[in-house]
Amino acid sequence: MTEGVLLLHGIARRAASLRPLERRLTTKGYASLNLDYPARRLGLADIAETIAPAVATFGAGVSRLHLVTHSMGGLVARVLLTRHRPDNLGRVVMLGPPNGGSEVADALHRLAPYRRFFGPAGAELVTLRGAAQERLFGPVDHPLGVIAGRRSLYPLASLLLPGPNDGRVTVARTRLEGMADHIVLPAAHPTMMWNRRVLSETLHFLRWGRFDQR
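Counting from 254, one number per residue, gives the positions in the sequence shown under this note's numbering.
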């Protein structure tokens with residue numbers, strides 16, 4: 254049976270943003286489910302519940318279900334796996350995930366334009382989380398690889414970010430306890446899913462459970 258990959262885009266993106274990666278996966282023999290989901294209309298928990306039935310149906314038709322996420326898609330994946338973990342879960346790769354939140358969200362989440370555009374989930378991207386939100390995320394007990402970027406297209410936003418960053422998330426806040434591997438590449442947050450090295454490292458982790466890093 255074919256192995257499958259669930260693709261989850263970021264908060265201000267659509268499934269089309271992951272189409273190049275989807276095509277690469279297809280050429281390598283993977284089945285894929287590249288979902289559009291209401292990233293700017295719902296909170297993280299409701300997003301996970303919305304996509305859970307489609308993910309379960311897709312997962313039932315593949316031998317192993319891997320996940321590849323971009324940005325906030327990584328947080329959606331964490332909630333999904335906590336609440337609806339498939340028995341055939343494989344490996345997970347997160348691209349630029351705000352696992353520890355983002356100082357950009359800290360600075361902007363109380364502003365009306367930010368809240369109108371990014372919705373409930375946007376307010377959950379802050380670095381300080383309440384107990385209820387922390388309970389959404391379970392422990393990492395599966396093979397997880399994280400790719401962080403260190404190139405920014407947003408010099409003003411980067412002023413809010415302490416240390417190396419991709420313009421939206423610091424390298425430090427992409428990390429997650431229990432991850433199997435972590436790599437930092439010269440990629441920017443909004444375009445990293447099209448970066449050839451990012452694509453290559455993603456495929457390497459899906460196959461071997463570690464990054465090539467050479």
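Glycine included, each C-beta is placed from N, C-alpha and C at the ideal position.
No experiment lies behind these values; they were computed from the predicted model shown.
Asked	Found
Got a sec? Which residues, its chain only, sit under 8 angstroms from S324 by beta carbon, not counting five neighbours each side?	H262, G263, I264, R266, L348, G349, P350, P351, R421, V422 and H442
From this set, A360, G402, L318 and R363, which residue's C-alpha is nearest L342's C-alpha?	L318
Residues in the same chain with beta-carbon distance under 6 angstroms from V399, minus the five sequence neighbours each way, listed in chain order, please.	M347, T427, M432 and H435
When you compare only the Cα positions, how much space is there between V329 and R368?	18 angstroms
For T322, report the span of its beta strand (DSSP E) as first-last.	L318 to H323
For V379, which of helix, strand or coil comes out of DSSP?	coil
Can you confirm whether the region 390 to 407 touches the region 447 to 459 when touching is taken to mean that 3 or more C-beta pairs between the two stretches lie within less than 8 angstroms?	yes
Quick one: what's got a C-beta closer than 6 angstroms to Y407's C-beta in the same chain, skipping five residues either side?	G420
How many Å lie between G312 and L320 at the Cα?	11 angstroms
Name the DSSP bridge partner or partners of A284?	G257
Measuring straight from C-alpha to C-alpha, what distance separates T380 and F390?	14 angstroms
Taking the alpha-carbon of R450 as reference, which of R460, L459, Q466 and G462 has the nearest alpha-carbon?	Q466
Could you tell me if A269 is buried or exposed, where buried requires 16 or more neighbouring beta carbons within 10 angstroms of its beta carbon?	exposed
Taking L361 as the reference, which of G383, L409, G402 and V332 has the closest Cα?	L409
Classify R344 as helix, strand or coil using the three-state DSSP reduction.	strand
Would you be able to state if there are at least three C-beta pairs under 8 angstroms between the region 300 to 309 and the region 269 to 283?	no
With a Cβ-Cβ cutoff of 8 angstroms, do W461 and P273 count as a contact?	no
I need the boundaries of the beta strand (DSSP E) containing L397, first residue and last residue.	L397 to G402
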